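Reviewing the structure listed below.
What follows is the structure in structure tokens.
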């Protein structure tokens, strides 16, 4: 497979008190069209990942809003799979192109989360777990991820210091990302001594509640060839692999909670389609809503043997300048996590890196990048692989 | 295009006080697998249309639940586009097959609406309109559809009797459908004298609030050929056309509200792909959440000139035994309208008709059927065309 990325955009992530869901979505859409130098009439279909709008603002049908903003009559729909929604919208856009349903698609991710209290949004988000068997019993995502962390720490030799080094690294990366929610460094001691959320996870092990949107414009290879004749200086990035896996909605139904089968399945499919091995990947943007997620995901993607990603992180292997820079955008932890937008924002970062236009956070000679989006605790996972054109 | 329908199922529609969202979804999924005589392992991806679960039950991530029920690790996502969600899930399943992302897909539609009051569900559903410009100003879907009705009555010669004949016809059809929410006849006088909801629409011009689920199993043509060798007595139905259009989220932004551009666009695309004219269609299942919707849709699909569908309905042209039987299932009005499920249930009815297995409501010699799903007031529309194999 070979899908061209012709445009990419991302709004500032953060607390946008003065902007509505529509404002954020419009900003991302228009900026992506501008970046691609394409017209609304070129867009054949729109796929928008979003999660909370119905529950936060009473607004469903966000896919229709995405078309409405552009005064477009093209096909448009909302895609939801909790925090993987943006990645799923990307996968749906690819399917539309490869099926012939469209030649050019617009993929959006958007979320406006700060219009309700943190307590309310936590209650809303746990709807991505099992309402009857987890939410109703009092579980929240921080609580479920704390269980995962404890189980992992009991099974492998992950130290508190190693775990905290995920957040420290991602905050350091975000200091070079002007779009990041938090652009300041934190220390291991900050993480460990921050207010406890769900033992052993403190506030600084958890991604923030953010507002934001991101968009991509994708096309078939045929369209991209014609396009390149008109836009000779455009750096095209290609998507060469996609994969998706699922696992039980409840953690209680898993054989193990120290690895996520859905990530392993999604990665395996994506590597196969892209015809590459994991060691050919130069940059990774992965789901680090909780610090433990980054550790487990690095292992599930095949980058480290089980139980060893913590040490590697502590040693700087995944830091800017290390062998495999991970979440150079700042990740969900520091760039921010407007849930529906995150998967598309990961793709935006990867595209900017592969275009060589990532400014101060540019990873040298990046040729192949991987994005990983996860909904729930390893329940829905989608992986994409990008290559410099 | 040629996509095979190997399995189809639909639960009883109605008020399922004793069944959860999961129960309904599980029943539809398992029945579809049974109907197709396929195994869970054959399913490569799942697409589930649903709308209200987050707001009614606090359960998002219903796509993940759909995979979880089957203990499947395959790709699964939720598709939302208000009342068109089921139709959009079907369109997404087709894209997955045609793109090569899967060889066999499961498409679901599900909704559990009766766990909250009618007033609450009306408030939830208006989230499919524009929250800021319609909902916030006090509009509801009955109110918006009443505006459409008045505008249509002022423009064309639609009588109250003609409008009421939509509901009377659909209720009569539903008497032959054991899965229908309402299986009893009503009269023109019943409709006109029912409690007023939004003038001129009475309660019997409006579809009910229902619970229910429906599923389809689709495959590529290649898979279907192998499948047919193993299942020689299976009656295969093919999907030969799909189309989708969008229009503004708010009614106020339309040039006209007496016709829906999104339906015209979706139908045009579907007819073109199927390489047929509208007069080759034998049966139609269309969106009749409000009686006026059926009138306008019949015209937008090309079956009648503008302003004439009311008279045709009154004359029985669209009744069982007429030239073009419409909503022989009972339609959303009488079969019921669990919003996310409706689009898939329309496909179920069409498949059963084209298999010749629709029992007492069988339309004789039906060869080609059309389904039409609409989200919002003509905002998101998806059309599919089915052909007997």
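Residue numbers (the numbering used here), protein chains in the order written: chain V, -12 to 376; chain F, -12 to 376. For each residue, glycine too, the CB sits at the ideal point set by N, CA and C. Source: prediction; values computed, not measured.
Classify residue i as helix, strand or coil using the three-state DSSP reduction.
| i | result |
| --- | --- |
| residue 146 (chain V) | coil |
| residue 3 (chain F) | coil |
| residue 311 (chain F) | coil |
| residue 52 (chain F) | helix |
| residue 47 (chain F) | coil |
| residue 364 (chain F) | coil |
| residue 68 (chain V) | strand |
| residue 336 (chain V) | helix |
| residue 58 (chain V) | coil |
| residue 359 (chain F) | strand |
| residue 329 (chain V) | helix |
State the start and end residues of the unbroken beta strand (DSSP E) segment that holds residue i.
| i | result |
| --- | --- |
| residue 201 (chain F) | 199 to 206 |
| residue 371 (chain F) | 367 to 375 |
| residue 42 (chain V) | Here residue 42 (chain V) belongs to no beta strand (DSSP E); instead the alpha helix (DSSP H) covers 40 to 44. |
| residue 301 (chain V) | Not the beta strand (DSSP E): residue 301 (chain V) falls in the alpha helix (DSSP H), residues 296 to 301. |
| residue 272 (chain V) | 270 to 272 |
| residue -4 (chain V) | -10 to -3 |
| residue 35 (chain V) | 32 to 36 |
In terms of residues, what are the limits of the alpha helix (DSSP H) holding residue i?
| i | result |
| --- | --- |
| residue 175 (chain V) | 175 to 180 |
| residue 403 (chain V) | The shown model of chain V, from -12 to 376, leaves out residue 403 (chain V), and the question about it has no answer. |
| residue 278 (chain F) | 278 to 287 |
| residue 323 (chain V) | Here residue 323 (chain V) belongs to no alpha helix (DSSP H), and DSSP marks it neither H nor E. |
To the nearest angstrom, report how far apart residue i and residue j are at their CA atoms.
| i | j | result |
| --- | --- | --- |
| residue 101 (chain F) | residue 199 (chain F) | 10 Å |
| residue 340 (chain F) | residue 271 (chain F) | 10 Å |
| residue 117 (chain F) | residue 236 (chain F) | 6 Å |
| residue 274 (chain V) | residue 360 (chain V) | 5 Å |
| residue 263 (chain F) | residue 256 (chain F) | 11 Å |
| residue 166 (chain F) | residue 166 (chain V) | 53 Å |
| residue 206 (chain V) | residue -2 (chain F) | 39 Å |
| residue 358 (chain F) | residue 123 (chain F) | 32 Å |
| residue -6 (chain F) | residue 20 (chain F) | 7 Å |
| residue 269 (chain V) | residue 104 (chain V) | 39 Å |
| residue 3 (chain F) | residue 196 (chain F) | 11 Å |
| residue 217 (chain V) | residue 210 (chain V) | 11 Å |
| residue 279 (chain V) | residue 333 (chain V) | 18 Å |
| residue 317 (chain F) | residue 143 (chain F) | 26 Å |
| residue 178 (chain F) | residue 73 (chain F) | 28 Å |
| residue 214 (chain V) | residue 75 (chain V) | 26 Å |
| residue 38 (chain V) | residue 348 (chain F) | 40 Å |
| residue 97 (chain F) | residue 372 (chain V) | 33 Å |
| residue 353 (chain F) | residue 234 (chain F) | 32 Å |
| residue 10 (chain F) | residue 321 (chain V) | 40 Å |
| residue 335 (chain F) | residue -4 (chain F) | 6 Å |
| residue 330 (chain V) | residue 1 (chain F) | 38 Å |
| residue 202 (chain F) | residue -11 (chain F) | 19 Å |
| residue 183 (chain V) | residue 355 (chain V) | 38 Å |
Between the stretch 236 to 251 of chain V and the stretch 300 to 310 of chain V, are three or more C-beta pairs nearer than 8 Å? no
Ordered list of alpha helix (DSSP H) runs contained in the stretch 77 to 160 of chain F, each at least 4 residues: 105 to 112, 128 to 142
What are the start and end residues of each continuous beta strand (DSSP E) run of 3 or more residues lying completely inside the stretch 185 to 252 of chain V, in chain order? As summarised for the stretch 185 to 252 of chain V, the continuous beta strand (DSSP E) elements at least 3 residues long and confined to that stretch are 199 to 206, 224 to 233, given in chain order.
Three Cβ pairs or more, each shorter than 8 Å: is that satisfied between the stretch 179 to 191 of chain F and the stretch 81 to 96 of chain F? no
Decide yes or no for the touch test of the stretch 24 to 38 of chain F against the stretch 12 to 29 of chain V: beta carbon pairs closer than 8 Å, at least 3 of them. no
Quick check: the stretch 47 to 61 of chain V against the stretch 164 to 182 of chain V, are at least 3 beta-carbon pairs closer than 8 Å? no
At least 3 beta-carbon pairs within less than 8 Å: the stretch 130 to 137 of chain F vs the stretch 64 to 79 of chain V: As far as the Cβ criterion goes, the stretch 130 to 137 of chain F does not touch the stretch 64 to 79 of chain V, which means the pair count is below three.
Would you check if the stretch 280 to 299 of chain V and the stretch 143 to 155 of chain V touch, i.e. whether three or more CB-CB distances between them fall below 8 Å? yes
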